[in-house]
Amino acid sequence: MTLRLRTWFLEVILAAFFVLNSRRQFSDTIPALVLKPLSLTFVSALALRMNKFQLIIHHVFRFVWNMLFIISYPVLATFGILFVGVTYFFSALSKLLTRLSPNREEIVLQNSEWEPLSNSSVLLEGKIFKQIMFGPACYQIRRTDGIPSVLEDHYFGKKIKIMEEGFLLEKWNATESKDLPDFDICLYDPDQDKLTKLTTIKSFDWHLSQKEDDWLLLKWFDGTQGGEVKVTI
Numbered sequence: 379m380t381l382r383l384r385t386w387f388l389e390v391i392l393a394a395f396f397v398l399n400s401r402r403q404f405s406d407t408i409p410a411l412v413l414k415p416l417s418l419t420f421v422s423a424l425a426l427r428m429n430k431f432q433l434i435i436h437h438v439f440r441f442v443w444n445m446l447f448i449i450s451y452p453v454l455a456t457f458g459i460l461f462v463g464v465t466y467f468f469s470a471l472s473k474l475l476t477r478l479s480p481n482r483e484e485i486v487l488q489n490s491e492w493e494p495l496s497n498s499s500v501l502l503e504g505k506i507f508k509q510i511m512f513g514p515a516c517y518q519i520r521r522t523d524g525i526p527s528v529l530e531d532h533y534f535g536k537k538i539k540i541m542e543e544g545f546l547l548e549k550w551n552a553t554e555s556k557d558l559p560d561f562d563i564c565l566y567d568p569d570q571d572k573l574t575k576l577t578t579i580k581s582f583d584w585h586l587s588q589k590e591d592d593w594l595l596l597k598w599f600d601g602t603q604g605g606e607v608k609v610t611i
């Protein structure tokens, strides 16, 4: 009797444990089966709403961009046409004025008077032959004593340096502004009426820097670079 009671009691306990375990698994399964479709439905609805919102924003921005382009295109096109027209007009006007205006690079002065070229000596006098616009003038030179001179065959600048050996002169190799500067630095001996070329300098800005017994040091600067040359006299 006792053994049978024990066996029955054990069977009851096992049956109760099985029932309780079955109920717990069933209770866990029911929410999972119900909540999972609900969560998928909510996510799908939310994604659909987001896609619609993005699509609306896209259409709004595209509409605004198209409106801005439609409004600004005539303005930009008009500005471009006006800019090209104004540029072409001023270019044509500049060409016309260039053709109509006289040569402004040089002015020829034919009615100038003879005048001394240096305050230190009255042997040489000059008369302006041509004045370069924004530049120096070239002169015809002659002797004041009336003696015919080799100087009358050339044109010179007004830079004159008087030395014991004679006159240091700037002889112009050209009188057209497009060919300048192109000068021969020469030594003129008035006793023998002899003109000796020392060197050629292609610069308006030059000067005698140093003098020794038998040589001269000339320096020049053309606006961007300079140099010096040593010549024998």
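Going left to right, the sequence shown walks through residues 379 to 611 as my numbering numbers them.
Backbone N, C-alpha and C fix where the C-beta goes; we use that ideal spot for every residue, glycine too.
The structure displayed is predicted, hence computed values, not measured ones.
Could you please give me the residues that DSSP links to residue 534 through a beta bridge?
Walking along the sequence shown from the start, residue 534 turns up at place 156. Residue 534 pairs with 517 and 549.
Residue 468 versus residue 458: straight-line alpha-carbon distance, rounded:
Here residue 468 corresponds to residue number 90 of the sequence shown, with the count starting at 1. Here residue 458 corresponds to residue number 80 of the sequence shown, with the count starting at 1. The straight-line gap from Cα to Cα measures roughly 16 Å.
I need the boundaries of the beta strand (DSSP E) containing residue 605, first residue and last residue.
The count along the sequence shown starts at 1 and reaches residue 605 at position 227. 604-610 is the extent of the beta strand (DSSP E) around residue 605.
Please report the distance separating the alpha-carbon of residue 435 from that of residue 475.
Stepping through the sequence shown from its first residue, residue 435 is reached at position 57. Stepping through the sequence shown from its first residue, residue 475 is reached at position 97. Roughly 59 Å between the two C-alpha positions.
Counterpart residues of residue 596 in DSSP-defined beta bridges:
Translated into positions along the sequence shown, residue 596 becomes position 218. Residue 596 pairs with 586 and 607.
Identified DSSP bridge partners for residue 573
Indexing the sequence shown from 1 puts residue 573 at position 195. Partner(s): 566.
Using the DSSP secondary-structure output, state which residues sit across from residue 539 in a beta bridge.
Locating residue 539 in the sequence shown gives position 161, where the first residue counts as 1. Looking at the DSSP assignment, residue 539 forms a beta bridge with 546.
I'd like to confirm something about residue 513: is its beta-carbon nearer than 6 Å to some heavy atom of the ligand FAD, or not?
Ligands in the displayed structure: none, and consequently the ligand FAD is not present.
For residue 443, count neighbouring C-beta atoms within 10 Å of its own C-beta (all shown protein chains included) and say buried if the count is 16 or more, exposed if not.
Position 65 of the sequence shown, counted from the start, is the residue given in the question as residue 443. By the neighbour-count rule (16 or more Cβ atoms within 10 Å), residue 443 is not buried but exposed.
Does the stretch 515-527 come into contact with the stretch 581-596, if we say contact requires no fewer than three beta-carbon pairs (one atom in each stretch) closer than 8 Å?
no
Among residues of its own chain, excluding the 5 on either side of residue 598, which ones have a beta-carbon nearer than 7 Å to its beta-carbon?
Locating residue 598 in the sequence shown gives position 220, where the first residue counts as 1. 579, 581, 583, 584, 604 and 605, listed in sequence order.
Give the DSSP-derived three-state secondary structure of residue 452 in the structure shown.
Start at 1 with the first residue of the sequence shown, and residue 452 comes out as number 74. Residue state, collapsed to three classes: helix.
Would you kindly check if the distance between the Cβ of residue 540 and the Cβ of residue 499 is under 7 Å?
For the purposes of this step, residue 499 is taken as residue 121 along the sequence shown, with counting starting at 1. For the purposes of this step, residue 540 is taken as residue 162 along the sequence shown, with counting starting at 1. Yes.
Please report how far the alpha carbon of residue 450 lies from the alpha carbon of residue 600, in whole angstroms.
What you label residue 450 is simply residue 72 of the sequence shown in a count that begins at 1. What you label residue 600 is simply residue 222 of the sequence shown in a count that begins at 1. So the alpha carbons of these two residues sit roughly 53 Å apart.
Buried or exposed: residue 548, going by 16 or more other Cβ atoms within 10 Å of its Cβ?
Residue 548 sits at position 170 when you count from the first residue of the sequence shown. Buried, since its Cβ has 16 or more Cβ neighbours within 10 Å.
Can the beta-carbon of residue 573 be found less than 7 Å from the beta-carbon of residue 607?
Here residue 573 corresponds to residue number 195 of the sequence shown, with the count starting at 1. Here residue 607 corresponds to residue number 229 of the sequence shown, with the count starting at 1. Cβ atoms of residue 573 and residue 607: not closer than 7 Å.
Taking the C-alpha atoms as reference points, what is the distance between residue 502 and residue 510?
The residue given as residue 502 occupies position 124 in the sequence shown. The residue given as residue 510 occupies position 132 in the sequence shown. When rounded, the distance between both Cα atoms is 22 Å.
Just verifying my parser: in three-state terms, what is the DSSP assignment at residue 504?
Reading the sequence shown from its first residue, position 126 is the one you call residue 504. Residue 504 falls in the strand class under three-state DSSP.
Residue from 471, 504, 531 and 535 whose Cα sits closest to the Cα of residue 514
Your numbering for residue 514 matches position 136 in the sequence shown. With distances taken between Cα atoms, residue 514 lies closest to 535.
Euclidean distance between Cα positions of residue 577 and residue 462:
The count along the sequence shown starts at 1 and reaches residue 577 at position 199. The count along the sequence shown starts at 1 and reaches residue 462 at position 84. Rounded to whole angstroms, residue 577 to residue 462 spans 52 Å at the Cα level.
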